[in-house]
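Trainee: Quick one: the structure is below, questions incoming.
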Amino acid sequence: MLHNQFLCIAAMWVRRVQEVGRGTFTVSLPREWVERVGLDKGSKLLIVDGGSSLLLRPPKPPVVYEKEVKVRRGYERLSVKEVLASYLLGYDVVRVVCDGGFDPDGRRIVKDVCRKLIGLEVIGEDSSSITFQCIVDPEKLDVEKTFDRLRFLVYTLQEDIARILSQDPSKMYMLTDRDDEIDRLYFLLVRLLRSPVDVSGVTIQFSRRLDIRVAGLLLENIADRLTKLAYTLSEAGGLPSDLISKLKPIVDRLSSIRDAALKMFIEGVLEYMDRFEKLVYENSELIEEFRRISSIHPDPKVRDACLEVASIVEEIVRSYVDIADLTTPK
């Protein structure tokens, strides 16, 4: 039985290309394959351009994965974590049921989860239940492009910090809430990675999926650190000009470290590793100099802020080092 199935799946057919009308070409489908995948007259096929080949994909029957989450009145925050976990696991519909019914605050807490997750909508509710549905179709989104979007948001956040630091550090407070959108995109990326087939129709290898998942988490952590950096600089109330002048080259070097790490990871090239390691070493020297000068500043508030800034930058650098270490040569 298994041997016959293997022969069926591995079978190859030769068909002649026929021209019908003006500029229309057709190829007949093998009856054996048509019957096996359940096609009929009028059935639709998805045809994916693979360059020198075409991939034919029959329509998949719609499958809706549902989950029910039960929560006690007054403990609605616990259900938020379960809704998030269900979203990441790929459930299409999640129904939150509260024994005794929701109070107004509890209902608001549960419904606020929609703000954290892309594509999650409330499709029904009554006194004791709220039903969510994810309207995102994983087969219509691209994992690599979603990762690129995540990378771009982190890039712009880091560049905005560098720009404001150079132009007007007093406006640093404007960047202290930019990580929410990055979190939402990271959650979407995790959900998409759980789909076995990308929008291109090409299966992404498990090892690559794992690397993208880890790199996405590292970028999300970097965004958190960048937001914390902006907050720390904002709360410091303006650092002295001599310390700002020492901090600027550190932030500039951080951009070069980011670019080199992500270039290696995305392109799968290790030829930038020597330059990357040199940038990391040089930045560590600059951080130590910044830390040494700020530690003798007479204002304790300035000292504490600068020491925290130095630690945050070191954490960001370590995350970029971890991304670089994920590089798999192509």
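Using the numbering used here, you'd call the opening residue of the sequence shown number 109 and step up by one each time.
Note that CB positions come from ideal geometry on N, CA and C, so glycine has one too.
So, does the stretch 326-338 touch the stretch 419-426, judging by three or more C-beta pairs under 8 angstroms?
Mentor: yes
Trainee: Would you kindly work out how many angstroms separate the C-alpha atoms of Val172 and Ile243, rounded to a whole number?
Mentor: As a first step, residue 172 must be located in the sequence shown, where it is residue number 64. As a first step, residue 243 must be located in the sequence shown, where it is residue number 135. Looking at the two C-alpha atoms, the distance is approximately 11 angstroms.
Trainee: State yes or no: is the C-beta of Gly182 within less than 8 angstroms of the C-beta of Gly214?
Mentor: The residue labelled residue 182 in the question sits at position 74 within the sequence shown. The residue labelled residue 214 in the question sits at position 106 within the sequence shown. A contact, by the Cβ cut-off of 8 angstroms.
Trainee: Please report the distance separating the alpha-carbon of Asp200 from that of Glu176.
Mentor: Within the sequence shown, the letter at position 92 stands for residue 200. Within the sequence shown, the letter at position 68 stands for residue 176. Looking at the two C-alpha atoms, the distance is approximately 11 angstroms.
Trainee: Should the stretch 403-417 be called in touch with the stretch 282-301, which here means at least 3 C-beta pairs below 8 angstroms?
Mentor: no
Trainee: What are the boundary residues of the alpha helix (DSSP H) that includes Ile395?
Mentor: Start at 1 with the first residue of the sequence shown, and residue 395 comes out as number 287. Here the alpha helix (DSSP H) through Ile395 covers Met381 to Ser403.
Trainee: Could you tell me which residues DSSP pairs with Gly232 in its beta bridges?
Mentor: Here residue 232 is taken as the residue at index 124 of the sequence shown, counted from 1. For Gly232, which the question treats as bridged, DSSP gives the partners Thr239.
Trainee: Going by C-alpha to C-alpha distance, which of Leu434, Pro138, Met282 and Leu162 sits closest to Glu343?
Mentor: Position 235 of the sequence shown holds residue 343. Comparing Cα positions, the closest option is Met282.
Trainee: Please report the straight-line C-alpha distance between Ala368 and Ile352, rounded to a whole angstrom.
Mentor: Taking the sequence shown and counting its residues from 1, one reaches residue 368 at position 260. Taking the sequence shown and counting its residues from 1, one reaches residue 352 at position 244. In a straight line, the C-alpha of Ala368 is about 25 angstroms away from that of Ile352.
Trainee: Using 8 angstroms as the threshold, is the C-beta distance between Glu390 and Arg361 below it?
Mentor: As a first step, residue 390 is located in the sequence shown; it is residue number 282 there, counting from the start. As a first step, residue 361 is located in the sequence shown; it is residue number 253 there, counting from the start. Result yes, Cβ atoms of Glu390 and Arg361 sit closer than 8 angstroms.
Trainee: Starting from Gln275 and walking both ways along the alpha helix (DSSP H), at which residues does that stretch end?
Mentor: Taking the sequence shown and counting its residues from 1, one reaches residue 275 at position 167. Per DSSP, the continuous alpha helix (DSSP H) segment holding Gln275 begins and ends at Val251 to Gln275.
Trainee: Look up Lys409 in the DSSP assignment and say whether it is helix, strand or coil.
Mentor: By one-based count along the sequence shown, residue 409 stands at place 301. Reduced to three states, the DSSP call for Lys409 is helix.
Trainee: Have a look at Tyr380 and Ser364 and give me their C-alpha separation to the nearest angstrom.
Mentor: Start at 1 with the first residue of the sequence shown, and residue 380 comes out as number 272. Start at 1 with the first residue of the sequence shown, and residue 364 comes out as number 256. Using only the alpha carbons, I get a separation of about 11 angstroms.
Trainee: With a Cβ-Cβ cutoff of 8 angstroms, do Leu273 and Val359 count as a contact?
Mentor: Counting from one through the sequence shown, the residue named residue 273 turns up at place 165. Counting from one through the sequence shown, the residue named residue 359 turns up at place 251. A contact, by the Cβ cut-off of 8 angstroms.
Trainee: Beta-carbon separation of Met372 and Ala432 under 8 angstroms?
Mentor: The count along the sequence shown starts at 1 and reaches residue 372 at position 264. The count along the sequence shown starts at 1 and reaches residue 432 at position 324. Going by C-beta atoms, Met372 is nearer than 8 angstroms to Ala432.
Trainee: Using CA coordinates, which residue listed in Arg165, Leu347, Arg366 and Ser136 is at the minimum distance from Ala413?
Mentor: Stepping through the sequence shown from its first residue, residue 413 is reached at position 305. When only C-alpha atoms are compared, the closest one is Leu347.
Trainee: How is the alpha helix (DSSP H) around Phe373 delimited, first residue to last?
Mentor: The residue given as residue 373 occupies position 265 in the sequence shown. Ser349 to Glu375 is the span of the alpha helix (DSSP H), which, as asked, contains Phe373.
Trainee: Buried or exposed: where does Lys386 fall if 16 or more other Cβ atoms within 10 Å of its Cβ makes it buried?
Mentor: As a first step, residue 386 must be located in the sequence shown, where it is residue number 278. The residue is exposed, with fewer than 16 neighbouring Cβ atoms inside 10 Å.
Trainee: With the cut-off set at 8 angstroms, would you say Pro437 and Leu394 are in Cβ contact?
Mentor: The residue you call residue 437 lines up with position 329 of the sequence shown. The residue you call residue 394 lines up with position 286 of the sequence shown. No, they are not a contact pair.
Trainee: Would DSSP call Asp207 helix, strand or coil?
Mentor: Here residue 207 refers to the residue found at position 99 when the sequence shown is read from its first residue. Note: Asp207 maps to strand in three-state DSSP.
Trainee: Is DSSP giving Ser308 helix, strand or coil here?
Mentor: Taking the first residue of the sequence shown as 1, we reach residue 308 at position 200. At Ser308, the pLDDT of 49 sits below 50, so the modelled position is not reliable; the number obtained from the coordinates is stated separately. Secondary structure of Ser308 (DSSP, three-state): coil.
Trainee: Would you call the CB atoms of Leu265 and Ala193 closer than 8 angstroms?
Mentor: Within the sequence shown, numbered from 1, the residue matching residue 265 stands at position 157. Within the sequence shown, numbered from 1, the residue matching residue 193 stands at position 85. For Leu265 and Ala193, no; Cβs fall outside 8 angstroms.
Trainee: By alpha-carbon positions, which one of Arg130, Val128 and Gly345 ends up nearest to Lys409?
Mentor: Numbered from 1 along the sequence shown, position 301 holds the residue referred to as residue 409. Ranking the options by Cα distance to Lys409, first place goes to Gly345.
Trainee: Taking Cβ positions, are Leu434 and Asp250 nearer each other than 8 angstroms?
Mentor: For this step, residue 434 is matched to residue 326 along the sequence shown. For this step, residue 250 is matched to residue 142 along the sequence shown. Against a cut-off of 8 angstroms, the Cβ pair of Asp250 and Leu434 comes out as no contact.
Trainee: In or out: Met280 buried (at least 16 other Cβ within 10 Å) or exposed?
Mentor: Stepping through the sequence shown from its first residue, residue 280 is reached at position 172. Flag for Met280 reads buried.
Trainee: I think Lys248 touches Arg292, with their Cβ atoms under 8 angstroms apart; what is that distance to the nearest whole Å?
Mentor: Taking the first residue of the sequence shown as position 1, residue 248 is located at position 140. Taking the first residue of the sequence shown as position 1, residue 292 is located at position 184. About 18 angstroms separates the two Cβ atoms, so there is no contact after all.
Trainee: Within 10 angstroms of the Cβ of Glu184, are there 16 or more other Cβ atoms? Answer buried if so, exposed if not.
Mentor: Here residue 184 is taken as the residue at index 76 of the sequence shown, counted from 1. Glu184 is buried by the Cβ-count criterion.
Trainee: Would you identify the three-state DSSP class for Val128, choosing helix, strand or coil?
Mentor: Counting from one through the sequence shown, the residue named residue 128 turns up at place 20. Strand at Val128.
Trainee: Taking buried to mean at least 16 other C-beta atoms within 10 Å of its own C-beta, is Gly425 buried or exposed?
Mentor: Residue numbering aside, residue 425 sits at position 317 when the sequence shown is read from its first letter. For the record, residue 425 in the displayed sequence is Val; it is not Gly. Buried, by the Cβ-count rule.
Trainee: Need the endpoints of the beta strand (DSSP E) that Lys175 sits in, please.
Mentor: By 1-based counting over the sequence shown, the position of residue 175 is 67. First-last of the beta strand (DSSP E) with Lys175: Glu174 to Arg180.
Trainee: Determine whether the beta carbon atoms of Ile155 and Leu147 lie at a separation below 8 angstroms.
Mentor: By 1-based counting over the sequence shown, the position of residue 155 is 47. By 1-based counting over the sequence shown, the position of residue 147 is 39. Result no, Cβ atoms of Ile155 and Leu147 do not sit closer than 8 angstroms.
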